[in-house]
Every structure is written in structure tokens, then in C-alpha cells.
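Below: one structure, written as C-alpha cells.
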Amino acid sequence: MQRRDFLALSGLGIGSLALPSWLGKAVAAEQLVTTLDVAIKKQLADAALQAARSSGASYCDVRIGRYLRQFVMTREDKVQNVVNTESTGVGIRVIADGAWGFAATNGLTTDAVAEAARRATAIAKANARVQAEPVQLAPAPAYGEVSWRTPIKRNAMEVPLKDKVDLLLSVNAAALNAGASFVNSTLFLVNEQKYFASTDGSYIDQDVHRIWAPMTVTAVDKDSGKFRTRDGLSAPMGLGYEYLDGDPAQKFVSPNGVVNYGHSYDMVEDAVAAAKQAQEKLKAPSVKPGRYDLVLDPSHTWLTIHESVGHPLELDRVLGYEANYAGTSFATLDKRESGFRYGSDQVTIFADKTQPGSLGAVGYDDEGVKCKRWDLIRDGILVDYQTIRDQAHILGKTESDGCCYADSWSSVQFQRMANVSLAPGKSKLSVADMIKDVENGIYIIGDGSFSIDQQRYNAQFGGQLFYEIKNGAITGMIEDVAYQIRTPEFWNACVAVCDESDYRLGGSFFDGKGQPGQVSAVSHGSSTARFNGINVINTARSLG
Amino acid sequence: MTIFTEAEAKAILDKVIALSSADECTAVLSGGNSGNIRFALNNVSTSGTVDDVDLVVSVAFGKRVGTATINEFDDASLERVVRRAEDLARLAPENPEFMPAIGKQSYAATATHSAATAAITPEYRAQVAASSIAPCREAGLVAAGFLEDSRSFTAIANSNGNFGYQTATSADYTCTVRTEDGRGSGWVGRNVTDISQFDAGRDIAVAIRKARESADARALEPGKYTVILEPHAAAGLISFMMYFFDARQADEGRSFLSKKGGGNKLGEQVYDPRVSIWADPADPDVPVLPWDDEGLARKRMPVIQDGKVANLLYSRYWAQQQGREPVAAPGNLIMAGGTKSTADLVRETERGILVTRTWYIRMVDPQTVLLTGLTRDGTFYIENGQIRYPIKNFRFNESPVIMLNNIDELGKPVRVSGDESRFAMMIPPMRLRDFTFTSLSDAV
């Protein structure tokens with residue numbers, strides 16, 4: 001579930017001292033470039049593991065986490081806020097008497113972590129009284145002392161704040177010069193320094209980096225009272241500050257001249273385009289509802305993949321563990337056994353926690369399992385799910401898929417989505433060639449409104465830019481477009497996917513799941529894809 | 545220790561303010577403990593507790609602001625955090641929209657703390673899970689639920705002599721009950737300050753009944769229907785709309801409350817005259833802290849009065865620009881209603897649809913606050929005052945502005961907390977005409 005938390009963040013611009021709890025604490029910028037000593041982390045971890053064993057736990061894992069975030073928020077010619085946050089602490093999970101228990105502490109002393117480990121064991125024992133089936137953990141190898149780091153070229157936390165502010169203010173100026181009424185631009189930078197240790201014999205030190213540079217450009221026509229926005233076409237990425245270099249080789253120009261971006265983003269160029277397109281949206285004709293062939297750019301498709309494939313193929317949802325909040329799944333286990341046709345022959349969808357540049361890429365997950373790539377849907381047929389250690393046995397698997405994640409040291413790790421992506425088409429096919437064959441269609445670029453039911457059947461998606469296609473040619477911009485799908489029918493309507501030269505990642509910084517709610521960051525790749533005969537509604541209304 | 549007394553908190557904050565040599569200094573000390581238990585498939589899945597205390601210090605030199613935090617409170621640590629905030633402020637760019645620290649406020653204490661909730665133990669949480677699971681197991685149904693409780697304190701102070709301290713507790717329980725074959729699903733939610741008002745055994749009966757009664761749903765054609773939204777179902781749409789009551793956005797021409805040609809709709813009739821929504825920190829049913837995130841004292845404030853926009857939210861900066869009084873951001877929303885229960889409204893409905901809950905609500909068009917989302921966990925067809933049969937879930941595309949102009953009748957408000965809302969709310973069940981369902985969902 002894509003969170004609305006980003007909405008709440010705009011409130012940070014007004015000088016509030018109350019940060020959303022998942023952001024952690026505000027710190028000085030110089031702290032964002034430091035790391036905790038590995039030897040100290042190992043000492044703390046060993047104290048917790050020992051205390052857990054002594055208090056009767058049969059398994060224990062310890063996560064010592066330092067979560068650093070920097071947000072630079074601007075609007076027009078103003079810096080609204082610069083927030084540096086740090087959240088450091090220790091989360092301890094144990095199995096005792098066959099049940100899970102968890103406790104967390106921000107105390108970084110051996111006494112504090114040992115006490116938390118004992119508290120986790122006491123909670124596990126209380127829970128065991130109402131637990132019918134004992135927890136079964138799939139085996140995980142003992143990796144010993146290992147480490148992993150996101151392969152970044154430039155640590156965004158080390159870039160001077162002034163450079164970031166200058167970039168965003170130049171982005172805003174470019175949008176205003178191009179006719180925008182308002183512009184908000186932001187940098188979100190994340191560094192997760194995570195140390196994992198378990199009674200299985202792994203000590204894993206990881207340094208994970210992510211970057212996001214969203215913007216919203218608004219055009220207002222005061223006379224008519226109409227306003228339209230166009231969001232940036234960047235993607236949040238598992239990259240360093242080099243993502244903002246604007247490498248021309250990473251531009252993907254659509255047949256009608258809209259510029260999309262791959263592993264490198266030119267934010268100023270996109271701001272100018274956004275200003276022009278937001279103004280064009282004010283005057284664009286409203287869509288006639290009906291059935292259209294949709295040509296979906298990867299900057300749009302990632303969210304459809306996320307909602308209609310990524311989430312329904314999470315094993316914990318399928319089993320019912322998320323029934324009370326995010327929901328269950330239509331893709332029940334019997335469908336894997338019977339070779340359920342999820343999509344057309346064109347549709348191969350894979351999970352991959354190793355994909356370079358992706359948000360979900362790590363060396364090991366948050367229960368110490370080495371990450372990998374595997375197929376979920378092969379040539380349209382459902383073949384697998386995503387799972388973690390305590391549920392792998394349900395699929396008959398002897399190892400976890402490495403999908404365990406916690407958004408904080410203080411959160412319990414659980415199954416989160418891997419990067420789930422649509423494989424590019426095997427035959428050579430460009431976007432221009434794909435559009436040439438479309439008689440009555442809509443070309444959609446960028447992600448917009450989104451909503452899906454709790455079993456992932458019925459979904460509705462908007463976008464940023466909509467272009468009408470008539471008889472193989474793009475005729476012009478249209479507005480008020482949303483399409484509604486029933487998941488298996490939609491994926492079975494996929495008739496073509498462009499080749500790998502068009503493959504790009506999109507993604508979410510704030511995918512929400514669980515109770516208490518946690519966020520995770522995940523990417524979804526695809527090439528431009530065509531879906532025939534999809535139901536399009538008109539979203540214009542009048543308030544009188 | 546994670547709950548500081550008022551004297552302890554004040555001593556720390558006084559030291560911080562005295563240590564600062566900046567033009568002004570504001571500090572917030574807050575912390576507490578939260579505990580939770582989660583269950584699914586009639587078993588406990590996760591459970592835990594988290595402790596945390598945190599001091600945030602914000603200082604200003606002119607229009608340059610610096611903020612730093614710490615979670616140690618000895619004299620040396622307090623000195624360190626103040627100096628760090630000051631160093632940051634000296635390096636920060638000037639904020640052209642800087643507003644000086646607020647003056648001394650007068651806070652009237654509100655009843656946000658319950659000793660019973662503060663005393664919740666892991667054993668109590670496990671018992672709530674057991675009380676939810678046992679009747680479901682007996683009935684051949686499957687329960688998934690969550691209880692989260694917290695006890696916390698917040699203390700604020702600044703160099704203008706402002707000080708506030710209050711403790712708070714809360715508990716939030718939700719449970720989804722499904723039939724084993726997955727054809728029926730029911731839900732119940734309860735949000736309280738005082739846990740003694742909560743009875744898992746009583747609430748679970750509601751979810752069990754809805755799970756049983758919602759099986760074998762029939763499909764109705766999408767279209768416009770008279771609906772009865774239960775309070776939880778209505779709360780999601782109404783609280784979403786309240787995020788767009790910002791005065792600046794309206795004045796800038798980018799809100800549904802902007803006026804053609806410029807200006808905003810403050811004072812204008814935007815809703816049915818029966819719609820009144822206000823915020824009140826002291827409301828006995830949904831008490832919240834008597835100050836907002838900036839420390840401004842909350843007062844009873846009408847937001848919509850008899851269908852007219854009574855207040856927009858002016859930040860301190862925008863209020864100054866527009867020559868108006870700043871308004872504390874609301875912590876709760878209370879909507880006026882009548883005396884009838886959901887069941888009473890059903891009895892008086894000739895034909896309509898009863899919606900237990902709405903889900904995954906997202907903005908489609910901010911111009912009209914057109915929202916989309918789905919019904920979930922118990923949707924029923926009503927004929928001649930009776931629930932006739934369960935129906936398949938619908939996707940809706942509806943604006944709360946249009947919806948609150950199509951009111952047939954409002955019932956008695958009850959306390960709810962939305963899936964994704966930050967507001968504590970009192971929302972009535974409501975019967976509405978011409979609610980727009982645009983497609984069917986096969987989801988149960």
C-alpha cells in the first residue's frame with residue numbers, strides 16, 4: 001500500500017518540531033557522515049544474544065540500526081526546511097517456547113540490550129500461551145562476519161547542504177521562468193547503517209543508501225479557478241548523489257518528445273518540461289470514457305506492478321497474516337498448484353533483491369538471509385511467491401527468499417516486497433513501433449492516483465501525462481483519465497512489451513504495510529508495455 | 545524511565561532555555577512506552593514494546609534556525625545539544641518566512657490520560673488476543689487483529705516563558721474476522737483513551753456477525769445509490785477532505801476552497817446546512833493535547849458551521865501576511881449528528897446500501913476532492929428497512945463535498961480513528977443520496 005505520508009511531510013515546512021515518528025530525531029548534518037564502530041556493535045550484539053539464551057530463548061536475532069535521513073524542502077525561491085534525522089537503537093527478536101517476542105531499546109549499553117533481550121523473551125513466553133503452532137524457521141547459513149554496501153559513486157550525505165539548496169532553487173527558478181505558478185522541490189536522502197547478528201552465527205554489517213528528488217509544479221488559471229499539477233518524472237533510486245548528474249545517456253525520449261529518465265536525472269530540464277505541461281493540462285480536452293488500448297511508460301507501470309503483482313504475491317498476505325489491515329490476496333496457493341494464468345504469454349515478472357540501482361537492493365535481508373533473484377510469473381503462469389524464514393516451509397521451500405525488512409530498529413522485521421519487475425520483451429520493439437499499431441489508445445506517462453482492493457482484484461490508476469493515440473499516431477494531450485482494472489484480465493490484456501533498451505525502474509520510498517505500520521522502499525522495472533481494451537473513466541466533476 | 549513527571553520535565557527544559565544564548569529557544573521533551581500484540585490465523589503473530597524519550601531544541605539567530613536533539617539529560621548533554629542547535633542556526637540559510645517563537649500560552653488541561661490504559665501489561669494484551677481468537681475458533685471463523693496501546697508525556701517550553709506539560713494514553717483495537725472459505729469478512733474497530741471502556745469479547749461479536757452475514761454476496765450494478773455509511777466508513781472520506789482546509793493553498797488558487805478570480809471560500813455555503821464540524825481539545829469523548837505541534841493553544845474551533853466554511857487553517861506566517869489570527873492545528877474532528885444509530889437509519893431506509901468500512905482512499909482530482917476507494921468487510925443491500933442480503937464490494941469515485949450536499953439523515957456520532965488519519969474523530973453514521981459506485985470488486 002502506497003502511503004500518504006508524503007502529504008504529512010509538507011507540514012514540516014512550517015517549522016514544526018513534531019516529526020512523524022518514523023523519521024527519527026533531528027541531528028546535526030555532520031553526524032550524517034559518521035558510522036558506528038563494528039567492534040562495538042558486535043560487543044552489544046553478543047551481550048543480547050547471550051542474555052536471550054540465558055533467559056530461555058531458542059533463537060535470537062539482534063539488529064543494531066542507525067537510520068540517517070536528510071530532507072531539503074523548498075518552494076519557489078525559499079528553503080522551507082532542512083531536516084537531518086538520526087534514529088539509533090537496537091531491536092531484539094527471540095523465539096521462546098515456540099513463540100516470537102520482540103523488544104527494542106535506544107540504550108546502546110550491554111546492560112540495556114541484555115535487559116531488552118530478557119524482555120523480548122518474557123513477551124515470547126506470554127504469547128506462547130495462546131500460540132497453537134510453534135514457529136518453524138527455515139535454515140539460514142552462518143555467514144560469519146560479512147559486510148555489504150550500496151555501490152554508490154558519491155555519498156549524498158557528504159555533499160554540502162549549500163549545493164543541494166542551490167540545485168533545488170535553480171530547479172524552482174527554471175519552472176517559474178517556464179510559466180509555473182508554484183513549484184515545490186525536495187531532496188530525500190536515506191542511509192541505513194544496519195548490523196545484524198543471530199544465534200545462527202552471522203554478523204552482517206550493511207551500509208544502504210537511497211535518494212529521491214520529487215517535485216510538483218502547479219499551474220493556476222485564476223480566472224477559471226482551474227489548477228493542474230505535473231509531478232517530476234524522476235524515480236527514487238538506490239543510488240548516491242550521482243543520480244542527479246543528468247547524464248544524457250540515461251534520457252529516454254518518447255515519440256512525442258517527452259523526456260523520461262533512467263539511472264540519472266536532469267531535474268532542471270524536467271522542471272521546465274513540467275511547467276509547460278502543467279499549463280498545457282489546463283487546456284487539454286477531457287477524455288471520452290470507454291475502452292482504450294493503453295501504452296504505459298515505465299514511469300507509470302511500476303505502480304501498477306507494485307499494487308497488482310507485488311502485493312498479491314506476498315506469501316504472508318496470501319496466507320492471511322495481513323488480513324486485518326493491508327488485506328489478503330486473490331492469488332491463493334491453489335493457483336500456484338494449478339498453474340494459474342495470471343497474464344498473457346508476454347508477461348514474465350521476477351523478484352530481485354540484487355538489482356543495481358534499485359531501492360530494495362541489499363546483500364542480506366533483515367533476518368540474515370542472502371538476497372537473490374527468482375521468477376514469480378513465467379510466460380503468464382503464476383509460479384512463485386515472496387517469503388521469509390518462518391513461512392518458507394508452507395511453500396515447501398527449504399530456504400527463505402530473503403524478503404525480511406524492518407523500517408527501524410524499533411520495528412519488528414517481517415515480510416516486505418522485493419523489487420518486482422516486468423521482464424522486457426524478448427523481441428526487438430521500440431516505443432515508436434509499438435504506438436504505430438495502436439488505433440484507439442492512450443499513452444500514459446508518470447504515476448498518479450492509485451487505489452486497489454484488499455485482495456488486489458479491482459484497481460484504479462491515474463497518471464501525470466495522458467496522450468491520445470489515433471490510428472498509430474499521438475494526436476495530443478487529454479485530461480481527466482483514470483483506468484480501472486481487474487488484475488488477471490489486465491495482465492492477460494498485455495499484448496506487447498518493448499525490448500530491454502527501454503527498461504527503466506520506478507519505485508516507492510513509502511510503501512506501507514503491517515501493524516504497527518511500517519514503510520519500505522521498493523523498485524519496479526519495466527519497458528513500455530501495451531494493454532488492449534482497458535476501461536477508462538472520466539474523473540472530471542463539478543462542485544457547482 | 546520513559547515518563548518524566550512535570551517537575552522533572554520542567555527542570556530539564558528550564559536548564560535548556562537558560563543555556564541558550566540565541567535570540568530565542570524552544571524545546572520539546574517527549575517520550576513514553578508503547579506496546580502491541582498482533583494476531584492472525586487465530587494465532588499471535590508478533591508482539592512487542594518500545595521505549596523512547598527525546599529532547600528537541602530549536603534556536604534562532606534572527607531568521608536563521610537550528611534544531612538538534614538528544615536522548616541523554618545530564619548537564620553536559622544538555623549543554624551539548626544547545627550548542628549544536630546554535631552552531632546549526634549560524635550555518636543555516638535565512639528563512640524568509642521565519643516566525644518568532646510563540647508567546648506565553650494558556651493551556652487548559654484535557655483528559656488525555658487514563659491510569660487503566662497506562663497499566664496495560666503483556667499479559668493483558670495476550671488476553672485481548674485470546675478473547676478475540678477463542679470465539680472465532682469455536683465458530684469456525686478466522687481472526688486477524690491488532691491491539692496497540694501507549695502511555696506518553698509531552699513537555700514544551702520556550703524563551704518567552706511558555707510552558708506546557710501533559711500525559712496521554714491511547715489504545716486502538718481492530719479485528720477482521722473471515723469465514724474459513726474466504727467468502728465472508730467482518731470487521732470491528734475501537735479507539736479509546738481509557739481501556740476500561742473496551743471489551744474485546746463484546747466487540748468481536750460484531751465482527752463475527754458481519755463475517756457470517758457477508759458470505760455469498762450478490763452483485764449489484766455499479767451506479768448511484770442511497771447509502772448508509774457507518775461512522776468508520778464516513779470518517780475516511782471526511783478526514784481526507786480536512787487535509788485541504790489550508791488557507792494558503794486556497795488563497796493561491798490551488799484548492800477546492802479557492803474562488804474563481806481569486807480569494808477563498810471562507811464564510812461561503814459549501815455543504816448542506818446540516819453539516820457542522822468542529823475541533824475541541826477538551827471534548828470529553830475525544831480529548832487531545834491542548835496545543836498543536838507549534839505549541840499554539842488549541843481552542844474550540846468551528847471548521848464547518850451549518851454548511852458554511854467557518855475557519856480555514858492559517859499558519860502563523862500566512863495569518864501574518866493576510867492580517868489574520870493564526871489558528872492552532874486541530875487534533876480532533878467532531879461532526880454534529882442526530883440521535884439515531886446505524887440500525888435506526890437502516891430501519892428507515894426504503895432501498896439502499898449499508899457500508900461497514902471504506903478502504904484505500906486516494907485523491908483522484910484535488911480540484912473537486914474527487915476520491916476513490918472501496919467498500920470492505922460487510923456491504924449489504926437494504927430494502928424496506930431490513931438488510932436483505934450481502935452484496936459484492938464496490939469501488940467508489942466520490943467527492944466528500946458532493947457527498948455532504950446529498951445528506952438524507954445524520955445519526956449519532958461515535959468515536960472512530962481512521963485507517964490513515966491523524967485525527968481522533970466523532971463521526972455520525974449517515975444516509976446519503978446518489979453516492980457514486982463506478983465498478984464492482986470481487987474482493988472479500
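Sequences listed follow chains A and B, in order.
Counting in the working numbering, the first sequence runs from 1 upward without gaps.
Counting in the working numbering, the second sequence runs from 545 upward without gaps.
C-beta: ideal position from N, C-alpha, C; glycine also.
Being a predicted model, the structure only gives us computed values, none of them experimental.
Exercise. On the premise that B:V597 lies in contact with B:T539, defined as a C-beta separation below 8 Å, what is that separation, rounded to the nearest angstrom?
Worked result: Here chain B has residues from 545 to 988 only, and residue 539 of chain B is not among them.
Problem set entry | Cα-Cα separation between A:A180 and A:T528, rounded to whole angstroms | For the purposes of this step, residue 180 of chain A is taken as the residue at position 180 of the first sequence. For the purposes of this step, residue 528 of chain A is taken as the residue at position 528 of the first sequence. Spanning the two alpha carbons is a distance of roughly 29 Å.
Exercise. Is any beta-carbon of chain A found at less than 8 Å from that of B:R624?
Worked result: For the purposes of this step, residue 624 of chain B is taken as the residue at position 80 of the second sequence. Output row for B:R624: interface = no.
Exercise. Between the Cα of B:S965 and the Cα atoms of B:L622, B:L877 and B:P644, which residue gives the shortest distance?
Worked result: Here residue 965 of chain B refers to the residue found at position 421 of the second sequence. Per the Cα distances, B:L877.
Exercise. Under 8 Å between the Cβ atoms of B:R669 and B:S591?
Worked result: In the second sequence, the residue the question calls residue 669 of chain B occupies position 125. In the second sequence, the residue the question calls residue 591 of chain B occupies position 47. Against a cut-off of 8 Å, the Cβ pair of B:S591 and B:R669 comes out as a contact.
For this session: State yes or no: is the beta carbon of B:T720 nearer than 8 Å to at least one beta carbon in chain A?
Result: By one-based count along the second sequence, residue 720 of chain B stands at place 176. Judged by the 8 Å Cβ criterion, B:T720 is in contact with chain A.
Exercise. Apart from the five residues on each side of it in sequence, which residues of its chain come closer than 6 Å, Cβ to Cβ, to A:W148?
Worked result: For the purposes of this step, residue 148 of chain A is taken as the residue at position 148 of the first sequence. Contacts found: Q206 and G363.
Problem set entry | Interface flag, B:E641 vs chain A, CB-CB below 8 Å | Here residue 641 of chain B refers to the residue found at position 97 when the second sequence is read from its first residue. With 8 Å as the cut-off, B:E641 counts as an interface residue toward chain A.
Exercise. Is it true that the CB of B:D850 sits closer than 8 Å to the CB of B:A873?
Worked result: The residue given as residue 873 of chain B occupies position 329 in the second sequence. The residue given as residue 850 of chain B occupies position 306 in the second sequence. No, these two residues do not count as a Cβ contact at 8 Å.
Exercise. Which full runs of the alpha helix (DSSP H) of 4+ residues lie inside the region 659-688 of chain B, going along the chain?
Worked result: 659-662 and 666-682
Exercise. What does A:K321 touch in chain B if you count any residue whose Cβ is under 9 Å from its own?
Worked result: If you number the first sequence from 1, residue 321 of chain A lands on position 321. One point to set straight first is that residue 321 of chain A is Tyr, not Lys, in the sequence displayed. Those are R582, A584, L585, S589 and A688, listed as they occur along chain B.
Exercise. Along the chain, where does the alpha helix (DSSP H) that runs through A:S299 open and close?
Worked result: Counted from its first residue, the first sequence places residue 299 of chain A at position 299. Start and end: P298 to I305.
Problem set entry | At least 3 beta-carbon pairs within less than 8 Å: the region 201-215 of chain A vs the region 297-304 of chain A | no
For this session: Look at A:V536 and A:I442 and say whether their C-beta atoms are less than 8 Å apart.
Result: As a working note, residue 536 of chain A is residue 536 in the first sequence. As a working note, residue 442 of chain A is residue 442 in the first sequence. For A:V536 and A:I442, yes; Cβs fall inside 8 Å.
For this session: Compute the distance between the beta-carbons of B:F722 and B:L685, then report whether it is under 8 Å.
Result: Working through the second sequence from its first residue, we reach residue 722 of chain B at position 178. Working through the second sequence from its first residue, we reach residue 685 of chain B at position 141. Phe is not the amino acid found at residue 722 of chain B; the sequence shown has Arg there. The answer is yes: Cβ separation under 8 Å.
For this session: Within 10 angstroms of the Cβ of A:V253, are there 16 or more other Cβ atoms? Answer buried if so, exposed if not.
Result: Counting from 1 along the first sequence, the entry for residue 253 of chain A is found at position 253. A:V253 is exposed by the Cβ-count criterion.
Exercise. Between B:C719, B:H657, B:V847 and B:N615, which lies nearest to B:S820 when the distance is taken from Cα to Cα?
Worked result: For the purposes of this step, residue 820 of chain B is taken as the residue at position 276 of the second sequence. Measuring from the Cα of B:S820, the nearest candidate turns out to be B:V847.
Exercise. Between the C-alpha atoms of A:V83 and A:T218, what's the straight-line distance to the nearest angstrom?
Worked result: In the first sequence, residue 83 of chain A corresponds to position 83, counting from 1. In the first sequence, residue 218 of chain A corresponds to position 218, counting from 1. Each residue's alpha carbon lies about 24 Å from the other.
Problem set entry | B:P973 burial status per 10 Å Cβ neighbour count (16 or more: buried) | The count along the second sequence starts at 1 and reaches residue 973 of chain B at position 429. By the 10 Å Cβ count, B:P973 comes out buried.
Exercise. Ordered along the chain, which non-local residues of its own chain (more than five positions away) have a Cβ less than 8 Å from that of A:M237?
Worked result: Counting from 1 along the first sequence, the entry for residue 237 of chain A is found at position 237. Cβ neighbours of A:M237 beyond the five flanking positions: R210, I211, W212, Y243, H263, G357, S358, L359, L505, G507 and S523.
Exercise. In three-state DSSP terms, what is B:P741?
Worked result: Translated into positions along the second sequence, residue 741 of chain B becomes position 197. Note that residue 741 of chain B is Gln in the sequence shown here, rather than Pro. The answer is helix: DSSP assigns B:Q741 an H, G or I state.
For this session: Decide if B:D963 is buried, meaning its Cβ has at least 16 other Cβ atoms within 10 Å, or exposed.
Result: For this step, residue 963 of chain B is matched to residue 419 along the second sequence. Result: buried.
Exercise. Can you tell me whether DSSP reads A:H311 as helix, strand or coil?
Worked result: Here residue 311 of chain A is taken as the residue at index 311 of the first sequence, counted from 1. Of the three classes helix, strand and coil, the one that applies to A:H311 here is coil, per DSSP.
For this session: Name, going along the chain, the residues of the region 897-909 of chain B whose beta-carbon falls closer than 8 Å to a beta-carbon of chain A.
Result: W903, Y904, I905, R906, M907, V908 and D909
Exercise. If the cut is a Cβ gap below 8 Å, which residues of chain B does A:Y342 touch?
Worked result: By one-based count along the first sequence, residue 342 of chain A stands at place 342. The premise fails here: A:Y342 is roughly 15 Å from chain B at the closest Cβ pair, so nothing lies under 8 Å.
For this session: With a cut-off of 8 Å on the beta carbons, I'd call A:A138 and A:A99 a contact; round off their distance for me.
Result: Sequence index remark: in the first sequence, residue 138 of chain A carries index 138 (1-based). Sequence index remark: in the first sequence, residue 99 of chain A carries index 99 (1-based). That pair is no contact at about 17 Å.
For this session: Using a Cβ cut-off of 8 Å (strictly closer), state whether B:L918 contacts chain A.
Result: Stepping through the second sequence from its first residue, residue 918 of chain B is reached at position 374. By this cut-off, B:L918 is an interface position.
For this session: For A:A235, count neighbouring C-beta atoms within 10 Å of its own C-beta (all shown protein chains included) and say buried if the count is 16 or more, exposed if not.
Result: In the first sequence, counting from the first residue as 1, residue 235 of chain A sits at position 235. Looking at its Cβ environment, which holds 16 or more other Cβ atoms inside 10 Å, A:A235 is buried.
Problem set entry | Alpha-carbon to alpha-carbon, A:Q193 and A:A45 | Along the first sequence, read from residue 1 onward, the residue named residue 45 of chain A stands at position 45. Along the first sequence, read from residue 1 onward, the residue named residue 193 of chain A stands at position 193. Answer to the nearest angstrom: the Cα atoms are 15 Å apart.
Problem set entry | Whole-Å CB distance - B:F788 paired with B:V913, under 8 Å assumed | As a position in the second sequence, residue 788 of chain B is number 244, starting the count at 1. As a position in the second sequence, residue 913 of chain B is number 369, starting the count at 1. Taking 8 Å as the upper bound for CB-CB distance, B:F788 and B:V913 are in contact here, some 6 Å apart.
Exercise. According to DSSP, which residues form a beta bridge with A:Q484?
Worked result: By 1-based counting over the first sequence, the position of residue 484 of chain A is 484. Looking at the DSSP assignment, A:Q484 forms a beta bridge with A:Q460 and A:N535.
Problem set entry | Interface flag, B:S802 vs chain A, CB-CB below 8 Å | Position 258 of the second sequence holds residue 802 of chain B. With 8 Å as the cut-off, B:S802 counts as an interface residue toward chain A.
Exercise. Quick one, are the C-beta atoms of B:A991 and B:T570 less than 8 Å apart?
Worked result: Nothing can be reported for residue 991 of chain B, as the shown portion of chain B is limited to 545 through 988.
Exercise. Within the 8 Å Cβ cut-off, does A:S526 reach chain B?
Worked result: As a first step, residue 526 of chain A must be located in the first sequence, where it is residue number 526. No, because no Cβ of chain B sits closer than 8 Å to the Cβ of A:S526.
Exercise. Going along chain B, which residues have a C-beta under 8 Å from A:Y457?
Worked result: For the purposes of this step, residue 457 of chain A is identified with residue 457 of the first sequence, where counting begins at 1. Around A:Y457, the beta-carbon contacts reaching into chain B at under 8 Å are S985, D986 and A987.
For this session: Compare the C-beta of B:L954 with all C-beta atoms of chain A and state if any pair is closer than 8 Å.
Result: Taking the first residue of the second sequence as position 1, residue 954 of chain B is located at position 410. Chain A, which has no Cβ nearer than 8 Å to the Cβ of B:L954, makes this no.
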